[in-house]
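*Asks:* Which chain is which? The protein sequence lines are A and B, in order.
Mapped onto the numbering used here, the consecutive letters of the first sequence carry residue numbers 2 to 495.
Mapped onto the numbering used here, the consecutive letters of the second sequence carry residue numbers 105 to 600.
Ideal Cβ placement from N, Cα and C applies to all residues, glycine included.
Source: prediction; values computed, not measured.
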Amino acid sequence: METITSIKPLLAVLVSLLIIPLVVVSSRSPNVRESWTFVAAVAKFLIVLSMLPVILKGTEIVYTVVQFMPGAAIKFRVDALGMLFALVSSSLWIITSAYSIGYMRGLKEHGQTRYFCFFAICLSATIGAAFSANLLTLYLFYEILSLATYPLVTHHQDLEARSSGRKYLLYVVGASIGLVLPAMLICYNLAGTLEFSKNGILAGTAASPSLLFILLFMFVFGFAKSAIMPMHSWLPAAMVAPTPVSALLHAVAVVKVGVFSIIRILTGVFGIQLLSSSHLGIAVCCVAAFTILVGSFIALSQDGLKRLLAFSTIAQLSYIVLGVALLSPKGMTGGMLHIAMHAFGKITLFFCAGAIFVATGKKNISEMIGIGRRMPVTMAAFFIASLSIIGVPPCGGFISKWYLALGTLQAHQIGFLVVLLFSSLLNAAYFIPITYKAFFCRPEDAMFENKVQEAPAFCVVPLVITATISVILLFYPQPFLRLARMMVQSITGA
Amino acid sequence: MNEQYPALLVIVPLLSALVISVAGWVNKRLCFPIAVAALSVSAWSSVGLLFRVLNEGAIVYKLGGWPPPMGIAYYIDYLNGLVLPVVSIVALLNLISSKKIVEQQFPDKAGPFYTLYVLMVTGLLGIVVTGDAFNLYVLLEIASLTGYGLLAMGEERAPLATLNYLYMGTIGACFYLLGIGYLYIVTGSLNMVDIARLLPPLYQSKAVLAAFIICMVGMWLKMAFFPLHAWLPNAYTYANSASSGLIAPLMTKVMVYVMIRLILTVFTPAFVFSTLAVSHYIVWLACIAIVIGAVLALKERNLKKMLTYIVVAEVGYMVGGAWLGNRAGLTGAVLHIVNDALMTLCVFLVVGNIVYKVKGYAFADLKGLFSKMPFTMGAFVIGALSIIGVPPTCGFFSKWYLILGAIQAHQYGFMVALLFSSLINVVLFFRVFEIGFYEPFSDHEGHEHHPAVMAEAPLTMLVPLYVVAISLILVGLYTGDIVNHIVQFVIPKGFM
């Protein structure tokens, strides 16, 4: 694999940190302050984008910041998977920033300067995690992301926020210190390095099968951001955050850093040969399949729209883990592709939930009967995005589900195919009634007047954009599909 | 000038202590600048010494030109070359921060305070720099006696708490003296390198064993290693924040340094880890120290006292790391001397700022502090993250080496204790953050919030605080260099 050295990955990480002093200084004039966020978001996206052609040519970009000891450094390596994730999160940050303005100003929230500052830190950490070349760097950004999200989750500073914040810390920080840190050190002691490699650093070490099993699950559960059951219950609790936070962080950046970390563990630390020869891949698949089914079932019974979306996210995250843990090329492609497809769909759904809250103050599905009359654009976008999550055309979600299904066949795991299909039915069962009741209810049941009154344009335009992208991704899934394929190719060597 | 750094380091503060006490009679405003000047010279010399050691290797400085073992030799190698700048810089930063505290709390006692302060730093630097076991005792007493004086200047309960410390501390110092006496009897020498040269044939001697045990117990008493820690929390809590800001970061760390020095230079690792085979038990004791320290900290409803129990737990980190008896563990322990001095200073400076503005350090006094003192609290967050062990702060990296050492020594209990303490630290600090961040609770759904009236500490307190806070991150990022260029030479070659 050809590599070039460039400082661009570091710049992509730092650019959003650099604007923080400017955000603080201009806190008196909100328009100037938010323009800094846009400057950072666009700059970050452009830096990431500028690396795309190089990556598509099959070259990797590396940059070492500091070397602590042999095999452990703060080091960036941009590969196809990292690029895929970075593209998704940096592009969605631009859209979310616009949405944040509409939402935060629409609700006259306090502490907006703090909000935008920590949002910027979160995005730095996300990109840092995406470009990490080794487990230590990944851990570093993972922890920064956990801590920087805390003030966003607890933004309202009330009792409910405090208890959610506690839960969030307990699961996310507790698991990373209690499980990932020792597992990482044991790995380092075994392999003498933490650098991700194509064949896995644990392959060929003297680790016994039982130690490998313990290590794997210390990682899988330790990266609690991926919300694999039983480490999931922080995610519904974190829905107390302002909706843009839930949208970008708890549907895209934070949770996918968790899943992304697990992918790195599976492919870069253990390596697919080791996983398939020791049958550990199947063990991870089973945990993921359990999470998919249970998450979808719980989502069925939710009335709070954001909580429903949270449980839906829990299930969808495990699709990604399942796909990669199948270890078949198609399944891995599907899993990685799902990072992007799910992101655009789910962020739209959250944007819609937030727009409804801004416009009407409603949070529960039972209070949204007939809302299609009042907010037709929002609900149309909601419908499209929910189709993407269910995985039917004309939305991008179809492609990733298609690959996932093919992956199960390729791995000869019909059981998981059944799980995937059944879960899609469940998805339909909890999403379709919302849209149906929003548009097609009897006039006397409708809770809203037949008069169009949407949320502010800053809220509506972003969700229309993301819904449109969801559709476009079906017809033009590049560059995401190509990146996922390249990554799988480089791992499997096929 | 260059050649005289080891002497300057100690002599300048010693003499200026006398000058300050006289100046206190003439004009109290002169004391502070003289103290700053004296400690600046010390800091400058110690950094100069470190660079000399990096360039030339270990330095032997014969005080007054008398050759050892008759005269006193100052012996500077990679270990104290690293610790000296830490001691002098921490003391200097806290001194700058203490100006306002002294002006607010005991303006009439400025003369005695700065005299004791500078004398104590003299003692601490002397302990670190000396290569003579008896000279070390003398300097230890200088540092301790002045320390008692400094700690007793505080709240109503401070003198009593300090008296308790005085009893325990004196016993500890006497133990050390007794141990050195035994060594003198069997070897006839007080020079550390000389003792180490004479000891190997005597490794089986009961007297050497007794000397070692007595010295260790003495040091454990002075560093508040569990179960000999009981004097520390009250003594540090009730003292004024200028004194506790000096003593909490440095006293225990310097004692850990002495312990490591005794293990590495005087008794040599061959004796300690091979002949004695007790390290296993001491690591377990360290585990208990860490866990008990964490649990006792959890019980406190008072920021300063909570921090003192964290100090007790951190002592367990270093003792355990040193006694793991492998390269990674010792690297972690030595690194942690540096890191823990800095992070303890950081959080104690924060307490100083809070006490200065809010006049209290109970949890109830911390309400709304993130809006009142955002800069102080910002630094507190960095200090807390370092104590928790979040990368890229330095606390993470010493913990890294300690855990690695524990894994390599198959001391999984120590690994669990370290992780447990990290998790408890998360709880401890986020509990404080919660009070500062949420309380007082607003009645409305968080949309109209407590009006933020900033009442930040003065710049002379904020600047040292931020120097430390930023150094926590820088030291973390440069851990690789510190280990590669300094710490790895501390540990004898061939020692795995």
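Can you find a CB in chain B that lies within less than 8 Å of the CB of residue 34 of chain A?
*Replies:* Answer no: the Cβ-Cβ gap between residue 34 of chain A and chain B never drops below 8 Å.
*Asks:* Any C-beta of chain B sitting closer than 8 Å to the C-beta of residue 368 of chain A?
*Replies:* Cβ-Cβ to chain B under 8 Å: no for residue 368 of chain A.
*Asks:* Can you pull out the residues from the region 60-80 of chain A whose beta carbon lies closer than 9 Å to at least one beta carbon of chain B?
*Replies:* Listed in sequence order: 66, 67, 68, 69, 70, 73, 74 and 75.
*Asks:* Would you tell me roughly how many angstroms separate the C-alpha atoms of residue 423 of chain B and residue 339 of chain B, rounded to the nearest one?
*Replies:* So the two alpha carbons sit approximately 21 Å from each other.
*Asks:* Tell me whether residue 112 of chain A sits in a helix, a strand or coil according to DSSP, three-state version.
*Replies:* Of the three classes helix, strand and coil, the one that applies to residue 112 of chain A here is coil, per DSSP.
*Asks:* If you count every other CB in all the chains shown that lies within 10 Å of the CB of residue 37 of chain A, and 16 or more means buried, which is it?
*Replies:* By the 10 Å Cβ count, residue 37 of chain A comes out buried.
*Asks:* Name the DSSP bridge partner or partners of residue 476 of chain B?
*Replies:* Residue 476 of chain B pairs with nothing; no bridge assigned.
*Asks:* I'd like to know if residue 512 of chain B contacts chain A, where contact means its C-beta is closer than 8 Å to some C-beta of that chain.
*Replies:* Chain A contact via Cβ: present.
*Asks:* Against chain A, which members of the region 501-531 of chain B pass a CB distance test of less than 8 Å?
*Replies:* Residues passing the 8 Å Cβ filter: 501, 504, 507, 508, 511, 512, 519, 523, 526, 527 and 530.
*Asks:* Counting pairs of Cβ atoms below 8 Å between the region 36-50 of chain A and the region 80-100 of chain A, do you hit three or more?
*Replies:* At 8 Å Cβ cutoff, the stretches touch.
*Asks:* DSSP puts residue 469 of chain B in a beta bridge; with which residues?
*Replies:* For residue 469 of chain B, which the question treats as bridged, DSSP gives no partner whatsoever.
*Asks:* Given a limit of 8 Å on CB to CB distance, which residues of the region 176-200 of chain A reach chain B?
*Replies:* Residues 178, 179, 182, 183, 186, 187, 189 and 190.
*Asks:* Using a C-beta to C-beta distance shorter than 8 Å, which residues of chain B count as neighbours of residue 169 of chain A?
*Replies:* Correct list: empty, because the minimum Cβ distance to chain B is about 10 Å.
*Asks:* Are there three or more Cβ pairs, one per stretch, closer than 8 Å when the region 232-252 of chain B is compared with the region 200-214 of chain B?
*Replies:* No, they do not touch.
*Asks:* Relative to the C-alpha of residue 379 of chain A, which candidate in A:410, A:454, A:423 and A:448 has its C-alpha closest?
*Replies:* If we check each option's Cα against that of residue 379 of chain A, A:454 comes out closest.
*Asks:* Relative to the alpha-carbon of residue 202 of chain A, which residue among A:155, A:275 and A:392 has its alpha-carbon at the smallest distance?
*Replies:* Of the listed residues, the one whose Cα sits closest to residue 202 of chain A is A:275.
*Asks:* Contact defined as beta carbons within less than 8 Å: I believe residue 125 of chain A pairs with residue 15 of chain A. What is the distance between those atoms, to the nearest angstrom?
*Replies:* With 8 Å as the limit, residue 125 of chain A and residue 15 of chain A qualify as a contact, their Cβ atoms being about 7 Å apart.
*Asks:* Confirm, please, whether the CB-CB distance from residue 227 of chain A to residue 246 of chain A is below 8 Å.
*Replies:* The answer is no: Cβ separation not under 8 Å.
*Asks:* From residue 215 of chain A to residue 382 of chain B, what does the alpha carbon distance come to, in whole angstroms?
*Replies:* Each residue's Cα considered, the two are about 31 Å apart.
*Asks:* Would you decide whether residue 297 of chain A is buried or exposed? Buried here means 16 or more other CB atoms lie within 10 Å of its CB.
*Replies:* Result: buried.
*Asks:* Taking the straight line between their C-alpha atoms, what separation do you get for residue 524 of chain B and residue 395 of chain B?
*Replies:* Each residue's Cα considered, the two are about 7 Å apart.
*Asks:* Residue 315 of chain B: which of B:248, B:483, B:406 and B:279 sits nearest, CA to CA?
*Replies:* Considering only alpha carbons, the answer is B:279.
*Asks:* Does any residue of chain B have a CB that is nearer than 8 Å to the CB of residue 163 of chain A?
*Replies:* Yes - at least one Cβ of chain B is within 8 Å of the one on residue 163 of chain A.
*Asks:* Which residues in chain A sit within 9 Å of residue 484 of chain B, going by Cβ to Cβ distance?
*Replies:* Those within 9 Å of residue 484 of chain B in chain A number zero; the least Cβ separation is about 14 Å.
*Asks:* What residues are listed by DSSP as bridge partners for residue 120 of chain A?
*Replies:* Beta-bridge pairing links residue 120 of chain A to no other residue.
*Asks:* Entirely within the region 308-361 of chain B and at least 4 residues each: give me those alpha helix (DSSP H) ranges in chain order.
*Replies:* Runs found: 310-327 and 336-342.
*Asks:* For residue 405 of chain B, which of helix, strand or coil comes out of DSSP?
*Replies:* Residue state, collapsed to three classes: coil.
*Asks:* If we require 4 or more residues per run, which alpha helix (DSSP H) segments fall completely within the region 249-293 of chain B?
*Replies:* The qualifying runs are 262-291.
*Asks:* Keeping to the same chain, check which residues put their C-beta closer than 6 Å to that of residue 224 of chain B; ignore five residues upstream and five downstream.
*Replies:* Hits under 6 Å: 247, 250 and 251.
*Asks:* Please decide whether residue 407 of chain A counts as near chain B, where near means a Cβ-Cβ distance under 8 Å.
*Replies:* Cβ-Cβ to chain B under 8 Å: no for residue 407 of chain A.
*Asks:* Take residue 356 of chain B and list the residues in its own chain whose beta-carbon comes closer than 7 Å to its own, dropping the five residues that flank it on each side.
*Replies:* Once the five neighbours on either side are set aside, the close Cβ partners of residue 356 of chain B are 327, 328, 415 and 419.
*Asks:* Any beta carbon of chain A sitting closer than 8 Å to that of residue 494 of chain B?
*Replies:* Chain A, which has a Cβ nearer than 8 Å to the Cβ of residue 494 of chain B, makes this yes.
*Asks:* Taking Cβ-Cβ distances shorter than 8 Å, what residues in chain B pair up with residue 140 of chain A?
*Replies:* Result: 495.
*Asks:* Taking only the alpha-carbon atoms, compute the straight-line gap between residue 579 of chain B and residue 278 of chain A and give it to the nearest angstrom.
*Replies:* So the alpha carbons of these two residues sit roughly 43 Å apart.
*Asks:* Just the C-alpha distance for residue 391 of chain B and residue 589 of chain B, rounded to the nearest angstrom, thanks.
*Replies:* Rounded to whole angstroms, residue 391 of chain B to residue 589 of chain B spans 30 Å at the Cα level.
*Asks:* Using a C-beta to C-beta distance shorter than 9 Å, which residues of chain A count as neighbours of residue 587 of chain B?
*Replies:* Correct list: 69 and 70.
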